[in-house]
Amino acid sequence: MVGITNKTLIAEIRRQQQLSQGIVEGQTAISTGISLTKPSDNALAWVQVSEIGKAQAQQSAWKANISYGTTRAANAEANLEQITTLLVRAQELVTSARNGSLNASGRAAIVEEMKTIRTTIDTMLTQKDYQGVPVFDDMQSVLVPVSRGLNLAVVGTRQDVSEGIDVNGTPMSLDDIMAQNITALESGTDADLIASLDAIRAGQTHIVVEQAKQGVRGDRLDVIGERLTNIDLDLSERRQGLEATDLAEVISSVKAKLLQLEAAQSAFARINQQTLFDLIR
3 MVGITNKTLI AEIRRQQQLS QGIVEGQTAI STGISLTKPS DNALAWVQVS EIGKAQAQQS
63 AWKANISYGT TRAANAEANL EQITTLLVRA QELVTSARNG SLNASGRAAI VEEMKTIRTT
123 IDTMLTQKDY QGVPVFDDMQ SVLVPVSRGL NLAVVGTRQD VSEGIDVNGT PMSLDDIMAQ
183 NITALESGTD ADLIASLDAI RAGQTHIVVE QAKQGVRGDR LDVIGERLTN IDLDLSERRQ
243 GLEATDLAEV ISSVKAKLLQ LEAAQSAFAR INQQTLFDLI R
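The sequence shown lines up with residues 3 to 283 when you count with my numbering.
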């Protein structure tokens with residue numbers, strides 16, 4: 003009879019411990035706003051939350067790629083804009099050299115500035131960011147995964163930007179065009195200067211087209227980034243709905259468990275005050 007009574011007391015202690023643990027979990031759920039912390043809380047909801055978590059991790063990776071791509075696209079667009087500005091300046095220099103009023107020192111100054119423009123354009127085309135990634139890809143655009151089954155080229159290639167420019171039926175590069183301009187300025191022949199102007203204008207037109215292409219790439223990244231943000235918000239809302247604490251229900255449960263625990267502890271205290279004779283009677 004004593005063994006049975008001891009087992010009953012142990013069982014009661016365990017029940018009170020479970021009540022205490024339930025109260026602590028309820029208070030935690032109220033303070034954090036999350037009631038789903040382990041599979042036993044709700045097995046179906048736990049599986050759904052796990053799947054949503056995987057989707058959110060993938061979304062996060064895609065959004066990081068979008069951010070990376072957007073940065074590269076912005077750098078490429080800025081360099082193309084700078085190249086356009088430099089070509090406009092080159093056109094101004096060649097035009098000023100045709101007015102016939104330049105002396106030898108003035109023409110030499112224009113030649114030096116044109117050489118600087120040529121060097122700067124080459125720098126814009128071969129520039130790398132702080133991580134050593136080139137602004138423009140080499141030979142083939144790198145495809146960046148931005149969504150399921152969708153990989154985008156975020157920048158053009160250096161070859162696309164600087165080569166294959168149609169100058170009166172002759173394919174030329176930007177460097178070829180700048181070299182032609184320098185030679186024309188050094189010779190001072192009007193026919194050469196006119197030809198160099200045509201080459202610069204062709205180069206400008208080519209870069210404007212490349213700017214438009216880069217703008218399209220940037221717009222696509224923005225659209226996909228916005229879509230990913232909307233999907234992320236939907237996933238977060240679904241997850242919150244599964245994990246979130248029903249305050250009214252949890253508060254009611256905690257209050258009930260507190261009352262049960264107080265009653266159990268009170269009864270337990272009275273039992274412990276009894277004698278051994280009282281327990282085996």
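Backbone N, C-alpha and C fix where the C-beta goes; we use that ideal spot for every residue, glycine too. Keep in mind the model is a prediction, meaning the values are calculated, not measured.
With residue i as the anchor, note down where its beta strand (DSSP E) starts and where it stops.
{"i": "residue 172", "result": "172-174"}
{"i": "residue 162", "result": "Segment 160-164 is the alpha helix (DSSP H) holding residue 162; no beta strand (DSSP E) there."}
When burial is assigned at 16 or more other CB atoms within 10 Å of the CB, is residue i buried or exposed?
{"i": "residue 16", "result": "exposed"}
{"i": "residue 248", "result": "With a pLDDT of 49 at residue 248, under the threshold of 50, the modelled position of this residue cannot be trusted, and the question is left open."}
{"i": "residue 150", "result": "exposed"}
{"i": "residue 141", "result": "exposed"}
{"i": "residue 59", "result": "exposed"}
{"i": "residue 224", "result": "exposed"}
Grab me the residues of residue i's own chain with a C-beta within less than 7 Å of its C-beta, minus the 5 sequence neighbours each way, in chain order.
{"i": "residue 126", "result": "81, 84, 85"}
{"i": "residue 168", "result": "204"}
{"i": "residue 95", "result": "112, 115, 116"}
By the three-class DSSP mapping on this structure, what secondary structure does residue i have?
{"i": "residue 178", "result": "helix"}
{"i": "residue 69", "result": "helix"}
{"i": "residue 143", "result": "coil"}
{"i": "residue 168", "result": "strand"}
{"i": "residue 137", "result": "coil"}
For residue i, which residues of its own chain have a beta-carbon under 6 Å away from its beta-carbon, when the five flanking residues on both sides are left out?
{"i": "residue 74", "result": "156, 157"}
{"i": "residue 137", "result": "77, 78, 81, 129"}
{"i": "residue 227", "result": "68"}
Along the alpha helix (DSSP H) that carries residue i, what are the first and last residues, could you check?
{"i": "residue 154", "result": "Premise fails: residue 154 lies in the beta strand (DSSP E), 152-155, not in any alpha helix (DSSP H)."}
{"i": "residue 117", "result": "106-128"}
So with Cβ pairs under 8 Å, would you call residue i a contact of chain B?
{"i": "residue 186", "result": "Protein chain content of the structure displayed is limited to a single chain, and chain B is not contained in it."}
So residue i and residue j are supposed to be a Cβ contact under 8 Å. How far apart are they, rounded?
{"i": "residue 61", "j": "residue 234", "result": "5 Å"}
{"i": "residue 146", "j": "residue 153", "result": "6 Å"}
{"i": "residue 240", "j": "residue 54", "result": "6 Å"}
{"i": "residue 109", "j": "residue 99", "result": "6 Å"}
{"i": "residue 186", "j": "residue 198", "result": "4 Å"}
{"i": "residue 196", "j": "residue 179", "result": "Not quite, the Cβ-Cβ distance comes to about 14 Å (not below 8 Å), so this is no contact."}
If you drop the 5 nearest sequence neighbours on each side, which residues of the same chain put their C-beta closer than 8 Å to that of residue i?
{"i": "residue 213", "result": "79, 82, 83, 86"}
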